[in-house]
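Protein chains in written order, with our numbering: chain A, 35 to 403; chain B, 19 to 228.
For glycine and all other residues, C-beta sits at the position ideal for the given N, C-alpha and C.
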Amino acid sequence: MHVPFRIATMTGLALSVVAVATVPAQRGATSPRPSGAQADVTARITSSAQALLTKLDDAGRAKVQFPFEGPQKTRWSNLPSPMFERQGLRMGDLTAAQRAAVMELLAVALSRDGYRKVTEIMQGDEVLRKQSSQGPRGGGADPNPGRAGAGARGGGRGGPAFGEDQYYLAFLGTPSATTPWMLQFGGHHLAINLTLAGSQATMAPSLPAAQPATFTVEGRTVRPLGNENDKAFALINALNTEQRGQAILSSRVADLVVGPGHDGKTIQPEGIRASALSAAHQTMLWELVREWVGIINDGFAEPRMAEIRAKLADTYFAWSGPTSNGSAAYFRVQGPTLVIEYAPQQGSVDHIHTIYRDPTNDYGATFTK
Amino acid sequence: MTLQLVLMSGSWTSAHRRDEYLQAARLAIDPDRVELELDLTPGIAVADVVLSEIDVDSDGMISVAEARAYSDRVLNAIALDVDGIPLRVELVESRFPPVDSVRNGQGTARIHAAASMPRLADGLHHLRYRNAYRSDIGVYLANALVPGSDRVIVAAQRRDLYQRDLVIDYQLSGQPAPTTRRGLSVGVAGALILIANLWWRTRTRQREDL
């Protein structure tokens, strides 16, 4: 007599649980709750931004400040200036103290590795500037993507301007520990779009790229995106034949699919599902993903990694090209809240474009409304 | 649908190409329509060749008529079919960058086109996209976007090596209940079962007490 009761009770409970679980999941409520520690990080970034503002004169403050909502939000590119017309505070126009304040702000806003990456990308562009000013160089990379003969250093005659002076900082909205604002920093091969709102932050979309991808500074070999490259090749080579067959696309991928100008476009995922990988391979995948996610301050990177890992079943890893490290190969990691692409340009391992996006939360769409 | 031709003052391209003409297509499938977005980025070494086909009067400006004519020319080289039934691709909008940015190898033209789908039965279908435009200098990307309709599920994408040819296998289904509503319906059913069960228990206990 009691058995039917129990069955009915359990059925009812199960169905109710399914319903309760379904609705919040659709709202993306699986994201870890932001903590006070994250709010502290925002407060520190805000203080650093405010400290920079005190070092600027009125003209500088006017240059750096933009409305939170406006065309500046999506005005970013990997292209060099002035081919891509950037606005904001140009590093080359700053005093040494102001410049140091910008770098201090970046050091607070980014993780140690993120800061290393950003500064190495800028160093690479400085190398490009020096190479360009010395005339055409050997190798596959193109030191001058503009018109033949265009001046490289100053961007005269409309040609590209390379070097560490050619990076721009902008604040969208007023730096605040509680209300939404955005820190933009970018130039050739770099676009950092950090949106903050109290305890929440995102660095999507952002574009770390590199040319040259390997260079020497004071006898030290520098590879701004070397970890990304090496971890991806390690992962593809760790897969068995069947897994590799699922991961490797049958076509060549010539460029980023959702690069600059493709906000709001979500492509159909392809490749092998992360859930089809072994635990060890999944760890390798997450460590690869961390190369992009971990550019932001650690306080925000960890919850973001947890969010991405929670969507393992719907995360894919796709590859196009040869699998021996040192070759030019494209790869993509895509999940419900993540798109990472890595695209060597025109088959050159010395010229890499990458993109990092969150299709559900680019520019902090979910927490800045 | 109103045709719009926009001549852009700026450019958002990411390309650094030299001797290639990047043609990146994104296809969005709906039950009754397919949308095609095509980004065209000539590299610096082929920019003049491409520009001579766009700016035909060589006045250094891309007029609305020139943009329209070039868009039609590109679309004429593109074939779309579903299950072997050819689709008529019509221009919706095109955006062209300034001539100078094209010359610099940094300009991207964007063509938005669309085609109506024939009435299709529920089940598996195959949308095929082929781009034969300027295959002498072209490099191609072709990708399906995640469908906006929950009646369409992309099952697979099959391409040739160069992505000139893309077949999207997709499943078309009848009008399903939105997931949220489905979840709530299941929840309401569960709650009703619980209430009925409690009522039955209470009543049984009352009878046993009697």
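Under 8 Å, with one C-beta from each stretch per pair, do the segment 242-251 of chain A and the segment 373-387 of chain A reach the 3-pair mark? Contact holds: three or more Cβ-Cβ distances are below 8 Å.
Listed in chain order, which residues of the segment 103-134 of chain B have Cβ atoms closer than 8 Å to some Cβ of chain A? Here the close residues are 118, 119, 121, 122, 123, 124 and 126.
If I follow the unbroken beta strand (DSSP E) through residue 390 of chain A, where does it start and stop? If you look at residue 390 of chain A, you'll find it in the beta strand (DSSP E) that goes 382-391.
Taking only beta carbons into account, state which residues of the segment 165-186 of chain B come closer than 7 Å to chain A, listed in chain order. Listed by position along the chain: 172, 175, 177, 178, 179, 180 and 181.
Under three-state DSSP, which class holds residue 63 of chain B? Per DSSP, reduced to three states, the secondary structure at residue 63 of chain B is coil, with no helix or strand assignment.
For the segment 115-146 of chain A, which segments carrying the alpha helix (DSSP H) assignment without a break, of at least 4 residues, lie completely within its bounds, in sequence order? Here the runs fully enclosed are 130-143.
Strictly under 8 Å for the Cβ-Cβ distance: is residue 84 of chain B near chain A by that measure? In terms of beta-carbon proximity, residue 84 of chain B stays away from the interface with chain A, with every pair separated by 8 Å or more.
Whose Cβ in chain B lies nearer than 8 Å to the Cβ of residue 304 of chain A? 175, listed in chain order.
For residue 313 of chain A, count neighbouring Cβ atoms within 10 angstroms of its own Cβ and tell me buried if that reaches 16, exposed if not. So residue 313 of chain A ends up on the exposed side.
Inspect the CB distances between the segment 118-128 of chain A and the segment 225-235 of chain A and report whether three or more fall short of 8 Å. Three or more Cβ pairs closer than 8 Å define a contact, and the segment 118-128 of chain A falls short of that threshold against the segment 225-235 of chain A.
Identity of the residues DSSP links to residue 216 of chain A by a beta bridge: Paired residue(s): A:206 and A:229.
DSSP state of residue 334 of chain A, grouped into three classes? If DSSP states are grouped into helix, strand and coil, residue 334 of chain A belongs with the helices.
Evaluate the contact criterion for the segment 168-183 of chain B versus the segment 123-136 of chain B: three or more CB pairs, one atom per stretch, below 8 Å. Of all C-beta pairs linking the segment 168-183 of chain B to the segment 123-136 of chain B, fewer than three are shorter than 8 Å, placing the two stretches out of contact.
Beta carbons nearer than 8 Å to chain B: which residues of the segment 377-392 of chain A have them? Within the segment 377-392 of chain A, the qualifying residues are 379, 380, 385 and 387.
Name the residue from B:133, B:92 and B:122 whose alpha carbon lies nearest to the alpha carbon of residue 103 of chain B. Checked all of B:133, B:92 and B:122; the closest Cα to residue 103 of chain B is B:133.
Counting only beta-carbon separations shorter than 8 Å, does residue 216 of chain A have a partner in chain B? False, the Cβ-Cβ gap to chain B never drops below 8 Å.
Among residues of its own chain, excluding the 5 on either side of residue 343 of chain A, which ones have a beta-carbon nearer than 7 Å to its beta-carbon? Excluding sequence positions up to five before and after residue 343 of chain A, its CB lies within less than 7 Å of the CB of 320, all in the same chain and listed in chain order.
Residue-chain proximity (residue 92 of chain B, chain A), Cβ-Cβ < 8 Å: Taking CB atoms only, residue 92 of chain B has no neighbour in chain A less than 8 Å away.
Using DSSP bridges, identify the partner residues of residue 141 of chain B. According to DSSP, which records beta bridges pairwise, residue 141 of chain B is partnered with B:190.
Classify residue 37 of chain B: buried if its beta carbon has 16 or more other beta carbons within 10 angstroms, exposed otherwise. Exposed is the call here.
Would you tell me roughly how many angstroms separate the C-alpha atoms of residue 64 of chain B and residue 119 of chain B, rounded to the nearest one? Each residue's Cα considered, the two are about 13 Å apart.
Boundaries of the beta strand (DSSP E) in which residue 8 of chain A is found, first to last residue: The structure shown does not extend to residue 8 of chain A, since chain A is modelled only from 35 through 403, so no value can be given for it.
Buried or exposed: residue 83 of chain B, going by 16 or more other Cβ atoms within 10 Å of its Cβ? Exposed, because fewer than 16 other Cβ atoms sit within 10 Å of the Cβ of residue 83 of chain B.
Please confirm if residue 301 of chain A has its CB atom under 8 Å from at least one CB of chain C. No chain C is present in this structure, whose protein chains are A and B.
So, under 8 Å CB-CB, residue 239 of chain A and residue 227 of chain A are touching, yes? Tell me the CB distance rounded to an integer number of Å. Right, the Cβ-Cβ distance comes to about 6 Å (below 8 Å), so this counts as a contact.
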